[in-house]
Each structure stands twice: as structure tokens, then as C-alpha cells.
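These notes concern the structure reproduced below.
There are 2 protein chains.
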Amino acid sequence: MGTETPRRSDPTRAAILAAARDRFAADGYERATIRAIAADAGIDPAMVMRYYGSKDRLFAAAAEFDLRLPDLSELPAGRYGEVLVHHFLTRWESDGTFLALLRAAATNEAARQRMLDVFAGQVAPVVAKVCPDPAHAAERAGLVATQMMGLAVCRYVLRLPPIAAMPADTVVAWLRPTIERYLSAPRP
Amino acid sequence: MGTETPRRSDPTRAAILAAARDRFAADGYERATIRAIAADAGIDPAMVMRYYGSKDRLFAAAAEFDLRLPDLSELPAGRYGEVLVHHFLTRWESDGTFLALLRAAATNEAARQRMLDVFAGQVAPVVAKVCPDPAHAAERAGLVATQMMGLAVCRYVLRLPPIAAMPADTVVAWLRPTIERYLSAPRP
DNA sequence: TACCGATGTCAACGCTTGTTGGCCTACGAT
DNA sequence: ATCGTAGGCCAACAAGCGTTGACATCGGTA
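Residue numbers (our numbering), protein chains in the order written: chain A, 51 to 238; chain B, 51 to 238.
So, in C-alpha cells, the structure goes:
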């Protein structure tokens, strides 16, 4: 129990999942077709159905995402923003899953729900551990989300020239005080 | 010249455009079908084609958007952020066109380009007039965009509970210093 | 070697989509 | 009153979609 018995089809399953992530990230949910994903993976569309059941379930499998947020409570106050912004940037750029989720969330209800789950299950708890008023942690986490999601949208989805071209260090330097304030400043 | 001769079909054209905006805003570009738009407008799908030629051109007509940004240079420095955030919120909520554009921009190239045009043609010039270093106005405008687009995504697209439920005044109070800093603070 | 389940291919289904052309109707000018 | 034209509807097309079932093929086991 616990460890799955390896199957001979595991490489194929992995190829499908990788192709699905790329297509969902590039095209969104509806424009990414099973046929195109299968072609990228070099197999027949029917295999996708056999191994994942439906397009919905394929997306659910491909959009499993872990932000791997660090524990901020070990850090000195004042460095939260810097660490958070830098972490988001590197995490996003090392794994296309988040972009797939973000693009799909604009028009797909399941993707939107998954995004809310990531917020409630991963972002909010980390914020709650370091903010001065845990009763209002969700509000502060939401504010952090507005800034970080906006960065993702402008940099990766819209590819707004000044933001897409900005070096990561400069992004961190600009956004750091914003995140810091949302986490720690007295509520207005 | 200048004034178009009124046509007997103008009410129908307007009904199509209104229905198109609603559908594009609710469903995005690909899931909003010509048939559904025509049904909402109470006419035949063929009429949409006759008056707008294609789905692409219908979207182009429906996604014409003017932010109607005020001239900030008449204001005392220090009130830019407050006025800007409040203006965005009321403008977005009074006209579904922006939401249609935002949803569609996630997966539709024409919508994305239109979004970049709104940025370059409407946001950047206003920012350039009030920021201390016009040579870097685009960078500052881009930063403002990250915060405002993130607000729009979290509040209207994802409907993130803490942000969707937050009163407009509270949003303004929280985001005001962020916008102010992106507009005026020395570059890092 | 003979077998059986897992792996993979192929062709087709039913459905929805954007788009087109033909036909009917009603209005406004002559 | 008549005629041309613009407004509107209906039926159909070709294409693409997710999905399905029947058939081939390979690999480990008895």
C-alpha cells in the first residue's frame, strides 16, 4: 500500500500529462484539444481517454499545483515581501502548471475553483502565521493575491512589455514594500 | 459627413452588441457562441453575420473600451492613488465591456492586443503626465497595471471571497498607497 | 508454446460550431 | 398601387470537437 505498482504505460501517461500542461498553459481550457495534446505526446487521442477518462479529468490531473511556499515565520519581519515575491517568480517560471491554471481559470469553472483552493489551502495559512491579526488574515492574504496575480497576468498572460521585460530583481524591489504593507500595516 | 444616416436596423444592431458584451464577459471568447448571443438578442444567428461579418469582428466591435481616465495633473500630489483606484472600480462596475476584454484576453490574441492598446493609449499617457521621470513612465504605468489588473482578476474573474466581498472604500484605502508609490517613489 | 491482459491504433459516432445562400416579408419611394 | 430594397428567418453546409467500440499487437506467465 502507498506505493503504486509501476505500469508499463507510465511513460505514456507522463508524456500525456506533460503535453497537456503545455497546451493548457498556451491555449487555455477550451482551445487546448485532446487531439493536439495526443499529437504532442506522439500517441492516439483514444489513449488519453483510456488513461484519464475525460478532458475534465485530464485537466484536473494536469492542474495539480503546489506553490511550495516557504515558512515565513522563521524570517525576520521586513523580509517577508522580498522572499515571497522572489519565490513566486521562480516557482512560476520553473513550472508551467500555474500558467495553465491561470489561463483556464478565466473561462473554466473547475480551474477557478482549483485556484480558490490554492489560495485557501496554501497562501492564506502562510499569511495567517505572520500577520499581526489572524482574525483578518484572509483579507491580508487576498490583498497579497491581488498584487501577485496581477503580476502573473501582466507578465505571462498579457505580456505587457514593461513588465514582461523587467528583470526579476527589479520586480522584487518594486513589489516588496507592497506585500510587506499588506501583511503587516495596520488596517485602514 | 460625420453623422451616420440612421438605419431601421439600428435597434437590432445595438441589441446584438449588448448581448455580445454580456456573453463575452460571462463566458470568454470561445465559449460565447454566436447562437447564444443571437438568442439573447431575440434574433436569428444569421443576422449577427450579416451585420458584423464574423465572430472576430463582432468581438472587435463589442470590446471597444474607453477607461475615461481623469486628468491627474489637476490634482494635488498624494491624491493620485485614491482617485485612480476609485475611478477604476466604478468604471469597471458600470460597464461590462472591460470584463469581456479581460476574460477573452486570457485565450484570444486579438483581445490581448486590445488590452495592450488600452494600456499604451490610455493608461501610460495619464501616468506619464504626473510621474517625476517621464523617461520611465512606461515602467511605472506597468506597475500600476499589475496592481489594478490583479484587483480586477481577483474581484471579478476568480471572485476570491475576501476581495470580492470587500467594500469599495476599503479597497481604495488599501491600494491607494501602492499606486501612489508606483507613480512617485524613487526608482529602486 | 499457448494464452491473456495490457497497450496501442483506426474509424466512426453524435454533437456543436461558425458560416452561407435562398426565401419570405414589410416598408418607403415612385 | 407597385416595385425595389433592406430586414429577417430557415435550412443546410463543412469542419472540428469529445468520445466510443472494435480490432491489432506486444509481453510476461503457465
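Cβ coordinates follow ideal geometry from the N, Cα and C atoms, glycine included.
Practice item. Pick out the complete alpha helix (DSSP H) segments inside the segment 76 to 133 of chain A, 4 residues or longer, and give them in chain order. Key: 84 to 91, 95 to 102, 105 to 112
Check your understanding: Can you find a CB in chain A that lies within less than 8 Å of the CB of B:Gln-197?
Key -> Taking Cβ atoms only, chain A reaches closer than 8 Å to B:Gln-197, which makes this a yes.
Check your understanding: With DSSP run on the structure shown, which of helix, strand or coil describes A:Ser-144?
Key -> helix
Review point. Which value, in whole angstroms, describes the spacing of the CA atoms of A:Arg-58 and A:Trp-142?
Key: 31 Å
Practice item. Would you check if the segment 222 to 229 of chain B and the segment 205 to 212 of chain B touch, i.e. whether three or more CB-CB distances between them fall below 8 Å? Key: no
Practice item. Could you have a look at B:His-62 and say whether DSSP puts it in helix, strand or coil? Key: The question names His, but residue 62 of chain B in the sequence shown is Thr. Residue state, collapsed to three classes: helix.
Check your understanding: If you compare alpha carbons, which of B:Leu-233, B:Ala-91, B:Pro-238 is closest to B:Ser-123?
Key -> B:Leu-233
Point to revise | A:Gly-171: first and last residue of the uninterrupted alpha helix (DSSP H) it sits in | key: First-last for A:Gly-171: undefined, no H or E at that position.
Review point. Mind listing which residues of the segment 113 to 126 of chain B have their C-beta closer than 9 Å to chain A's C-betas, in chain order?
Key: none
Review point. From A:Asp-90 to A:Asp-77, what does the alpha carbon distance come to, in whole angstroms?
Key: 14 Å
**Study point:** Residue-level contact to chain A via CB, B:Thr-140, 8 Å cutoff
**Key:** no
Check your understanding: Where does A:Gly-92 land, buried or exposed, given buried means 16+ other C-beta within 10 angstroms?
Key -> exposed
Review point. For the alpha helix (DSSP H) that A:Arg-205 lies in, which residues bound it at each end?
Key: Looking at the DSSP string, A:Arg-205 is not in any alpha helix (DSSP H), and its letter there is neither H nor E.
Check your understanding: Mind checking if B:Asp-183 is an interface residue toward chain A, Cβ cutoff 8 Å exclusive?
Key -> no
Point to revise | C-beta atoms of B:Phe-74 and B:Phe-109 nearer than 8 Å | key: yes
Exercise for review: Spell out whether any CB of chain A is found under 8 Å from the CB atom of B:Met-51.
Suggested key: Since pLDDT at B:Met-51 reaches only 43, below the 50 mark, its modelled position is unreliable, and no value is offered.
Practice item. Mind listing the chain B neighbours of A:Glu-230? Cutoff is C-beta to C-beta under 9 Å, in chain order. Key: Near A:Glu-230 there are no residues of chain B at all, since even the closest Cβ is about 11 Å away, more than 9 Å.
**Study point:** Residues from the segment 83 to 97 of chain B in contact with chain A, defined by Cβ distance under 9 Å
**Key:** Answer set for the segment 83 to 97 of chain B: empty.
Exercise for review: Taking the CB atoms as reference points, tell me whether A:Phe-138 and A:Met-198 lie closer together than 8 Å.
Suggested key: yes
Exercise for review: Give the residues of chain B in contact with A:Asp-77, contact being defined as C-beta atoms less than 8 Å apart.
Suggested key: Thr-157
Practice item. Would you mind sorting A:Ala-127 into buried or exposed? The rule is 16 or more other CB atoms within 10 Å of its CB. Key: exposed
Practice item. Go through its chain and collect everything with a Cβ distance to A:Ala-218's Cβ below 8 Å, but skip five positions before and after it. Key: His-136, Leu-139, Thr-140
Check your understanding: Between the beta-carbon of B:Ala-70 and the beta-carbon of B:Ala-112, is there less than 8 Å?
Key -> Pairing B:Ala-70 with B:Ala-112 gives a Cβ-Cβ distance under 8 Å.
Check your understanding: Quick one: does B:Pro-212 have its CB under 8 Å from some CB of chain A?
Key -> Yes, its Cβ sits closer than 8 Å to a Cβ of chain A.
Practice item. Quick one: measure Cβ to Cβ for A:Ala-161 and A:Ala-174, integer angstroms, because I've assumed they're closer than 8 Å. Key: Wrong, their Cβ atoms sit about 19 Å apart, outside the cutoff.
Practice item. Identify, in the order they occur along the chain, each residue of the same chain with its Cβ nearer than 6 Å to the Cβ of B:Thr-220, setting aside the five sequence neighbours on each side. Key: none
Review point. Which one of B:Pro-56, B:Asp-106, B:Ile-87, B:Met-99 has the shortest CA to CA distance from B:Glu-159?
Key: Ranked by Cα distance from B:Glu-159, the options B:Pro-56, B:Asp-106, B:Ile-87, B:Met-99 are led by B:Asp-106.
Practice item. Please list, in chain order, all residues of the same chain as B:Met-51 whose beta carbon is under 7 Å from its beta carbon, the five residues on each side excluded. Key: Note on B:Met-51: pLDDT 43, under 50, position unreliable in the model; the coordinate value appears next. Result list for B:Met-51: empty, nothing under 7 Å.
Exercise for review: Indicate whether at least one CB of chain B lies closer than 8 Å to the CB of A:Met-165.
Suggested key: yes
Practice item. Following the continuous alpha helix (DSSP H) through A:Thr-157, name the residue where it begins and the one where it ends. Key: Where A:Thr-157 is concerned, there is no enclosing alpha helix (DSSP H), because DSSP gives it neither an H nor an E.
Check your understanding: Are A:Gln-172 and A:Leu-119 closer than 8 Å when you measure CB to CB?
Key -> Yes, the Cβ-Cβ distance between A:Gln-172 and A:Leu-119 is below 8 Å.
Practice item. Starting from B:Pro-227, follow the alpha helix (DSSP H) in both directions and report where the run begins and ends. Key: 218 to 234
**Study point:** Distance CB(A:Ala-80)-CB(B:Glu-80) smaller than 8 Å
**Key:** Sequence inspection shows Glu at residue 80 of chain A; the Ala mentioned does not correspond to that position. Taking 8 Å as the Cβ cut-off, A:Glu-80 and B:Glu-80 qualify as a contacting pair.
**Study point:** Distance, B:Ala-150 Cα to B:Ser-144 Cα
**Key:** 13 Å
Review point. Do B:Tyr-130 and B:Glu-230 come within 8 Å of each other at the CB atom, strictly closer than that value?
Key: Closer than 8 Å, so yes.
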